[in-house]
Every structure is written in structure tokens, then in C-alpha cells.
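Novice: Residue numbering for the sequence shown follows our numbering, beginning at 0 and increasing consecutively.
The beta-carbon is built from N, C-alpha and C at its ideal position, and this holds for glycine as well.
Computed from a predicted model, the values in this text were never measured in an experiment.
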Amino acid sequence: MSIDAAGAVGMSTDENARRPRPYRRAGSISSAFAEDNGLKEKPRVCPSASGGFLREEKSGGGSTSTVRRPASSTSFQSTSADRLTQSRPFVKALMEQGLQATRPANTGQAIKGRQFQDKAYYLELLREKVRSFKVEINRLAIEKAKFIKEYENQAPMNETATLLAEQIRDLRKALANYNFLLDKQNTQASLTDILQECAEVERSNNESVQQIDETYEESRNKERQLADAEETLQKLKSSSDATLANMDEESKLRYYNLLQRKTELENRLQSQSSEGERLNEEIDKLERELNVDRTKRDALKLFSDLAQLNNERALLREEVEQQNRFPHHQRDTILSDMKQDNKDILSMQKQMEQIRREIELLEEEKREIREKHSTATANTDDYSVEEEILRSSHLCASEKEAIVKLKHSIESLEEALLSGARKSGSDVKADKDISDDKPLKEYLEILTILKKQRNTTHVYNGEINVIEEKISSLEEELQQFTLLSRVQEKAERRPLEWAVRKAALQKQVDESVRLLGELESHRRSVDRQINASEQTKKIISVERSLHRFKKENASLQAELKCYAVPETLQALKEAVLKSVANYNALLVQRQSLLP
Numbered sequence: 000m001s002i003d004a005a006g007a008v009g010m011s012t013d014e015n016a017r018r019p020r021p022y023r024r025a026g027s028i029s030s031a032f033a034e035d036n037g038l039k040e041k042p043r044v045c046p047s048a049s050g051g052f053l054r055e056e057k058s059g060g061g062s063t064s065t066v067r068r069p070a071s072s073t074s075f076q077s078t079s080a081d082r083l084t085q086s087r088p089f090v091k092a093l094m095e096q097g098l099q100a101t102r103p104a105n106t107g108q109a110i111k112g113r114q115f116q117d118k119a120y121y122l123e124l125l126r127e128k129v130r131s132f133k134v135e136i137n138r139l140a141i142e143k144a145k146f147i148k149e150y151e152n153q154a155p156m157n158e159t160a161t162l163l164a165e166q167i168r169d170l171r172k173a174l175a176n177y178n179f180l181l182d183k184q185n186t187q188a189s190l191t192d193i194l195q196e197c198a199e200v201e202r203s204n205n206e207s208v209q210q211i212d213e214t215y216e217e218s219r220n221k222e223r224q225l226a227d228a229e230e231t232l233q234k235l236k237s238s239s240d241a242t243l244a245n246m247d248e249e250s251k252l253r254y255y256n257l258l259q260r261k262t263e264l265e266n267r268l269q270s271q272s273s274e275g276e277r278l279n280e281e282i283d284k285l286e287r288e289l290n291v292d293r294t295k296r297d298a299l300k301l302f303s304d305l306a307q308l309n310n311e312r313a314l315l316r317e318e319v320e321q322q323n324r325f326p327h328h329q330r331d332t333i334l335s336d337m338k339q340d341n342k343d344i345l346s347m348q349k350q351m352e353q354i355r356r357e358i359e360l361l362e363e364e365k366r367e368i369r370e371k372h373s374t375a376t377a378n379t380d381d382y383s384v385e386e387e388i389l390r391s392s393h394l395c396a397s398e399k400e401a402i403v404k405l406k407h408s409i410e411s412l413e414e415a416l417l418s419g420a421r422k423s424g425s426d427v428k429a430d431k432d433i434s435d436d437k438p439l440k441e442y443l444e445i446l447t448i449l450k451k452q453r454n455t456t457h458v459y460n461g462e463i464n465v466i467e468e469k470i471s472s473l474e475e476e477l478q479q480f481t482l483l484s485r486v487q488e489k490a491e492r493r494p495l496e497w498a499v500r501k502a503a504l505q506k507q508v509d510e511s512v513r514l515l516g517e518l519e520s521h522r523r524s525v526d527r528q529i530n531a532s533e534q535t536k537k538i539i540s541v542e543r544s545l546h547r548f549k550k551e552n553a554s555l556q557a558e559l560k561c562y563a564v565p566e567t568l569q570a571l572k573e574a575v576l577k578s579v580a581n582y583n584a585l586l587v588q589r590q591s592l593l594p
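(1) If K295 sits next to L289, beta carbons under 8 Å apart, how far is it from one beta carbon to the other, in whole angstroms?
(2) Among A154, D169, R356, E510, whose alpha-carbon lies nearest the alpha-carbon of Q184?
(3) Just confirm the distance between the C-beta atoms of M246 and Y254, as a whole number of angstroms; I'd bet it's less than 8 Å.
(4) So, using beta-carbon positions, are Y177 and H521 closer together than 8 Å?
(5) Please report the distance separating the alpha-carbon of F179 from that of E199.
(6) I'd like the span of the alpha helix (DSSP H) that includes Q209, first residue to last.
(7) Quick one: using the 10 Å Cβ neighbour count with 16 as the cut-off for buried, is Q85 buried or exposed?
(8) Which term fits I167, buried or exposed, when burial requires 16 or more other beta carbons within 10 angstroms of its beta carbon?
(9) Taking only the alpha-carbon atoms, compute the straight-line gap between G97 and D117 and give it to the nearest angstrom.
(10) Here's a check: name, in chain order, each residue in its chain whose Cβ is nearer than 6 Å to the Cβ of S27, leaving out the five neighbours to either side.
(11) Starting from D292, trace the alpha helix (DSSP H) in both directions and tell me its first and last residue.
(12) Are there 16 or more other CB atoms within 10 angstroms of the CB of I333, so buried, or fewer, so exposed?
(13) Taking the alpha helix (DSSP H) that Q153 belongs to, which residues open and close that run?
(14) Let me know if L225 comes out buried or exposed under the rule of 16 or more other beta-carbons within 10 Å of its beta-carbon.
(15) Look at the alpha carbon of C197 and the alpha carbon of Q187, and state the distance between them as a whole number of angstroms.
(16) What's the gap between the Cα of A298 and the Cα of E274?
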């Protein structure tokens, strides 16, 4: 609403005041009087046509006087917009005498709470928005100036970066030369060795360049092979699709059934393989538990022995059944076995006589050894310790050989006796009429003789052990005497050696301390210069990524050699192309970083 309209409203307030008021409820009379009093106290201002403002004031007698403010030199129409832009927004609540004074005819109540806003309010909002835009423009201008300054300062920074890169390159060369010289100084290498090493390094560099070229060619060949394989794969797919489309319904049904059968078999194979892995894990777990628990090992051994005994019992039962089926044939076999056993017994008796003779010879040798030992202990001054050791060692060796022979013969006799006893026991159970007591008595006698021989062998073994202990004690004494003489000689030579060695070590320590200080100072200076530049860090990161890429490339080449299946060619091709792209990007980045 314009200001002229507001002035018109202000001028018509007197006429509204003179009009008769409509009916008003009792509860709203006090509020109506309060509103009337408030309106009477406030002055009313309206603009005039000449550009000034008229203010109506009431005197004490109730008459209204009009006070005119002097107008400006300009007209109201030309200066109204300027004055409104400079003034604050004024929100005037329209009360009973304004536009809100119109009430409905049925109720007669005024509608409260509405406010009427003029054009100045919206102008003030526009001014605030313009001020915020100006602040933002100023901030952007400041940032622009800052960026311009930074861009102007970037040229000397680039120059300093190039200078630092050159310094880093020179320092790296110097560091490599220093390290090379230190290595050669520590190893004390000659000029010819250095030249040979330089030639080897050059040759290795040439070989590495050749290897890089070969790997690049191999990658290109692999790409071509992958492209050819992809083409063949597409051809095969298209041909398979064509053949599948040309098939009749029966063959298609059979094909789909075979595919379903294949998937079922694959799932079954996978489940069986997982079950096999689980069983293998359980077997490994049980084996570990068996290795840890001794009772379980013993139980497993007992189970195996029980199974073996059951098998033997089954075999014996089969033999008994076969023998019971043919008694006459069994009798003939028993008689032949008895004759063979008698022959074996005679041969055993002969062997026993030979063993008795050997035992007597051993007892005589033992007696002689004891006599010689007693004479040697009585006349210790006549024999030296070394001769005694040699003699006792020869005697022990001869006795050991004889005992070994006796053991072998006794074992052979025991085996023969046990086999004969088993045969005789089975013969006695089969047929008691043919059995004889003489072979059994002879067996018992032979067993008693064998027991006696075992006892004698135990006695011999004990005596031999005693002799061996004496020999070992004598050898230890002899070694102690020789060691004492050597220790005395070393103790005499040791002070001189220690003095010479101490002087040499002191010289080496002084020289190494001096070199260490120089190297430490030089290393610190080089580290400071290297760490001061960011380009070295980038180079190191690029070299690490290049090394990691080489490993990935090697693994991919191994996978290409191992997996030549057509289904995985596409995935391998994508991986190879990705790795080659990464490799080329890393090479470009490295060349750009290197000065």
C-alpha cells in the first residue's frame, strides 16, 4: 500500500470516529476503550501534496489542529524514493480506525493479529542482501589478490625447485662416489679390481636394459596372443551358439540335461573334496593327539596286535580243520616231521659241542688275561701306560668278536629250537600215540645249556665293560698330561701375542673412530639436504611402486604360463592390460621426476 493511501486512511479517521459504533459485546468494551484511548493519544501523520507532512493534534477542548512541517526544496514525487531508501522499515499495525476497522455484519468483532507492511520493508531487505553481496565480493577480491600474489611468487619457487633438484642429483652422485670409495677402502681393492667391477656394472646395466626390452616385447606378444585367443573364443562362442540354434529339440534337451548333470557333478565333487579336506584335518588332528598322548598310542598298538593275533588264530583254525579232514595224510606228515626234527636235533648237538669248546677257549683266554693283568698291576714300572692301553684294546676287540660269534650261533640255535618246539607241540596235539619223550628231554637240556651260555655271556660283558672303563680312564689321564704341556707352552706365548694384538687393535680403533666421525657428519649433512626437498620423497615412492609393479608383473606372467584355460583369458587380459598401463604411468612419472 502506498503512502498516499496511508494518508487517506489517516484523514478519514475523524469521520469514522463520528459515525455510530455497532453493537459490541460486554466482554470487549474495556478492550475497545483501551484501543480508542491508544489511538487518541497517537498523532496521525499524512503526507501532503506539496511534499510536507501534516500532523493532526487535538487540543484540550477537543478541537483538532493541523501542524504543517516545512517541505523540502524538491517535490514529494522526486524525493520520496530517496527518503524511503534511507529510512528504516516501518511496520504499522492497522487497528480499529484503519483498514482493519471493518468488521463483519453478523459478529461485529475485529480480526486481530494482522499487520500491513509497506514498500520500505522490502527495500530494506534488498539493501541487506546487497550488503551481503558486497561483503562476499570483497572477500573474493581479497582471495583473488592472494592467489595472484602466490602465482607471482611461483616463478622463483620453480627456479629454487630446479636448483634443489640439481643439488640433489649432484649430492646423490657424490654420496655414491663416497660410498664406493669407502667400500673399496675397507676391502683394500686395487685399481684393476675397480676397473673390472666397473666393467661388470656396465655389463649388468646393458643386460638389464636388454631384459626390459625383452619383457616389453613379451608383453606385446602376450597382448597379441590374448587378442588372438579372444578372437578364437568369440568364434567358438558364435559357432557353439549357431550349432545350439540349429539343434533339434531332442538334442537341445539332451544338451541341457548334460549341462545340469555337469553342474550337479561339480557340486558333488566340491562337496566331496570339502569332506575329504575335513577328514584329512581330522586325521591330522587325531595323529597329533596320538603323538601327544601315550595311552592312546599304547591302545592303538594293542588294537593292531589284537588284529594280528585274530588273523593268526583264524589261520590256525583253518589248518586244524584241514588236518582233521585228512587224518592219514596228517599222520604221514607228522612222521616225516619227526624224522626231520631228529636230524635237526643231531645237528644242534654238534653245534652245542662246538659252542662248549669255544666257551672253554674263552675261559682259558680270560684266565690268561687275568693273570697278565695281575702281573701288569704288580710290575707297573716295567710297562708303560700306552702299551697297556694298546694291549687291553686288542684283547677287548678279540673278546668282542668272539662274543658276537657266540651270539649269532646262539640265536640260530634258539630259532631252530623254537621252530622244532612249535612243530613238536602241534604234533603232540594232533597225535599223542606217535609222540616220544626223548626229543622233548633233549629240547629241555638244550634250553638249559642256552640259559647257562646266556649267563656266561652276561658275565663276559660285565668284565669287558670294566676293562673298557679302565682303558678310558687311562686315556683320559694321558690326554690330561699332554694338555698340561700344551697349556704351559700357550701360557708362555700368550703375553707377547696379547701385547702385539692390543697395539694393532688400538690403531684400528683410533682409525675407525676418526672415519666414523667423518662419515657421521657427512651423512647428517647429506640427510638434511635430501630431506629438505620433496622431490626425493616422490622419487622414492615411485621407485617403491615400480618395484611392487615388477613383482605383480612376474606373478601375472607365472599365472599366464600356468592358467591357459579359455575361460580365464579375458580376466587375464584385463589384468595384463591394467598392469602394463600402470607400468607405463609409473615410468612416465619417474622420468618426469628425475632431473
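Specialist: In short:
(1) As a working note, residue 295 is residue 296 in the sequence shown. As a working note, residue 289 is residue 290 in the sequence shown. Yes, they are in contact, since the Cβ atoms of K295 and L289 sit about 5 Å apart, within 8 Å.
(2) The residue you call residue 184 lines up with position 185 of the sequence shown. Per the Cα distances, E510.
(3) Counting from 1 along the sequence shown, the entry for residue 246 is found at position 247. Counting from 1 along the sequence shown, the entry for residue 254 is found at position 255. At roughly 7 Å, the Cβ-Cβ gap stays under 8 Å, so M246 and Y254 are in contact.
(4) Residue mapping note: residue 177 aligns to position 178 of the sequence shown, counting from 1. Residue mapping note: residue 521 aligns to position 522 of the sequence shown, counting from 1. Taking 8 Å as the Cβ cut-off, Y177 and H521 qualify as a contacting pair.
(5) As a first step, residue 179 is located in the sequence shown; it is residue number 180 there, counting from the start. As a first step, residue 199 is located in the sequence shown; it is residue number 200 there, counting from the start. Looking at the two C-alpha atoms, the distance is approximately 15 Å.
(6) Sequence index remark: in the sequence shown, residue 209 carries index 210 (1-based). Its alpha helix (DSSP H) spans residues 190–245.
(7) Residue 85 sits at position 86 when you count from the first residue of the sequence shown. With a pLDDT of only 47 at Q85, under 50, the local geometry of the prediction cannot be trusted, and the value read off the model is given with reservation. It is exposed - the Cβ of Q85 has fewer than 16 other Cβ atoms within 10 Å.
(8) Here residue 167 corresponds to residue number 168 of the sequence shown, with the count starting at 1. Classification for I167: buried.
(9) In the sequence shown, residue 97 corresponds to position 98, counting from 1. In the sequence shown, residue 117 corresponds to position 118, counting from 1. Interpretation of G97 is limited by its pLDDT of 46, a score under 50 that renders its predicted location unreliable; the figure taken from the coordinates is listed afterwards. Using only the alpha carbons, I get a separation of about 14 Å.
(10) Along the sequence shown, read from residue 1 onward, the residue named residue 27 stands at position 28. Note that S27 scores a pLDDT of 41, beneath 50, so its modelled location is shaky; the value from the coordinates is reported in the next line. Closer than 6 Å at Cβ, skipping near neighbours: no residue.
(11) Locating residue 292 in the sequence shown gives position 293, where the first residue counts as 1. Careful: D292 lies outside any alpha helix (DSSP H) and carries neither H nor E.
(12) Residue numbering aside, residue 333 sits at position 334 when the sequence shown is read from its first letter. By the neighbour-count rule (16 or more Cβ atoms within 10 Å), I333 is buried.
(13) Here residue 153 is taken as the residue at index 154 of the sequence shown, counted from 1. Unbroken alpha helix (DSSP H) run through Q153: 118–186.
(14) Here residue 225 corresponds to residue number 226 of the sequence shown, with the count starting at 1. Per the 10 Å Cβ criterion, buried.
(15) In the sequence shown, residue 197 corresponds to position 198, counting from 1. In the sequence shown, residue 187 corresponds to position 188, counting from 1. Straight across, the Cα-Cα distance linking C197 with Q187 is about 16 Å.
(16) On the sequence shown, position 299 is the one that residue 298 refers to. On the sequence shown, position 275 is the one that residue 274 refers to. Cα to Cα, the separation comes out at about 27 Å.
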